[in-house]
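Chemist: Numbering (the working numbering), first residue to last: 13 to 219.
Here a beta-carbon is modelled for each residue, glycine too, at the ideal position from N, C-alpha and C.
Keep in mind it's a predicted model, so treat the numbers as computed, not measured.
This is the structure I have questions about; it appears just below.
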Ligand SMILES: C[S@@+](CC[C@H](N)C(=O)[O-])C[C@H]1O[C@@H](n2cnc3c(N)ncnc32)[C@H](O)[C@@H]1O
């Protein structure tokens, strides 16, 4: 499965910014504001992709980005050089088994990633592990709009979206419940409010 995702995103890397840059721009800014990053905080972006949000972070914060696709990371690396982001480290790493120590990051964000990974709960528990206790976890994801007809259609085409690496239909509330996370703050973002952005306080990992 991860091999499939790597293949898909090695293709998307070349068109990602042109296509998703504008579509997800609103959510990126709202997420950044919600994160309220302070100087010296340690931030992890899981599935950082081409690094569209990296230039937003203050230079005084320590930012780490991981992604499973080297081609996406190469684009993020180019932004690092272009914007002089010397506070940024990028790693090729699988979000479901990260090599960071427990309790490492003050804030972790997964934007448009949690539906793309094969095992969302395992990935979320891994995010909890590397996030400091009482740290903050932000999840931004396409969850479909409130219109029932469109929502049914989305469920119907979910297997196709999944194959295309664009994420499968999922229940964010159920995932958060299973990970023992509760929502501290929430916003609907992007076109037709189709994406949910949630902020959760980290709690102990449920194995
Ligand atoms: C839809 S893109 C989102 C990129 C970025 N977060 C954004 O908002 O523009 C999904 C990203 O997740 C990455 N990804 C998928 N599975 C992953 C995994 N298991 N570990 C790390 N990254 C993964 C993909 O390579 C891709 O870059």
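Return helix, strand or coil for residue 53, following the three-state DSSP convention.
Modeler: Note: residue 53 maps to coil in three-state DSSP.
Chemist: Below 7 Å, is the gap between the Cβ of residue 16 and the nearest heavy atom of ligand 1?
Modeler: Checking every heavy atom of ligand 1 against the Cβ of residue 16, none is found closer than 7 Å.
Chemist: Around ligand 1, which residues pass a check of Cβ closer than 5 Å to any of its heavy atoms?
Modeler: For ligand 1, the selected residues are 17, 21, 59, 61, 64, 79, 80, 81, 84, 106, 107, 123, 124, 125, 128, 129.
Chemist: Evaluate residue 103 with the Cβ neighbour count: other Cβ atoms within 10 Å of its Cβ, from every protein chain shown; 16 or more gives buried, anything less gives exposed.
Modeler: Looking at its Cβ environment, which holds fewer than 16 other Cβ atoms inside 10 Å, residue 103 is exposed.
Chemist: Going by alpha carbons, who is nearest to residue 20 out of 123, 174, 167?
Modeler: If we check each option's Cα against that of residue 20, 174 comes out closest.
Chemist: What is the residue span of the beta strand (DSSP E) that residue 83 lies within?
Modeler: Element bounds for residue 83: not the beta strand (DSSP E) but the alpha helix (DSSP H), 82–95.
Chemist: Nearest to residue 83 by alpha carbon, out of 126, 184, 66, 62?
Modeler: Of the listed residues, the one whose Cα sits closest to residue 83 is 62.
Chemist: Which residues mark the beginning and the end of the alpha helix (DSSP H) in which residue 136 is found?
Modeler: Counting along the chain, the alpha helix (DSSP H) containing residue 136 begins and ends at 132–142.
Chemist: Relative to the C-alpha of residue 197, which candidate in 203, 178, 152 has its C-alpha closest?
Modeler: Ranking the options by Cα distance to residue 197, first place goes to 152.
Chemist: With DSSP run on the structure shown, which of helix, strand or coil describes residue 74?
Modeler: In this structure, residue 74 counts as strand in the three-state DSSP scheme.
Chemist: First and last residue of the alpha helix (DSSP H) that includes residue 34?
Modeler: Start and end: 28–35.
Chemist: Please confirm whether residue 113 and residue 138 have their CB atoms less than 8 Å apart.
Modeler: No. Outside cutoff.
Chemist: Considering only the beta carbon of each residue, do residue 209 and residue 199 sit closer than 8 Å?
Modeler: Cβ distance < 8 Å, so residue 209 and residue 199 count as in contact.
Chemist: Work out the CA separation of residue 201 and residue 37 for me, nearest whole Å.
Modeler: Cα to Cα, residue 37 sits roughly 9 Å from residue 201.
Chemist: Provide the residue span of the alpha helix (DSSP H) that contains residue 184, from first to last.
Modeler: Looking at the DSSP string, the run of the alpha helix (DSSP H) that includes residue 184 is 184–190.
Chemist: In or out: residue 128 buried (at least 16 other Cβ within 10 Å) or exposed?
Modeler: Buried.
Chemist: Is it the case that the Cβ atoms of residue 42 and residue 70 are separated by a distance below 8 Å?
Modeler: No; because the gap between Cβ atoms is not below 8 Å, this pair is not in contact.
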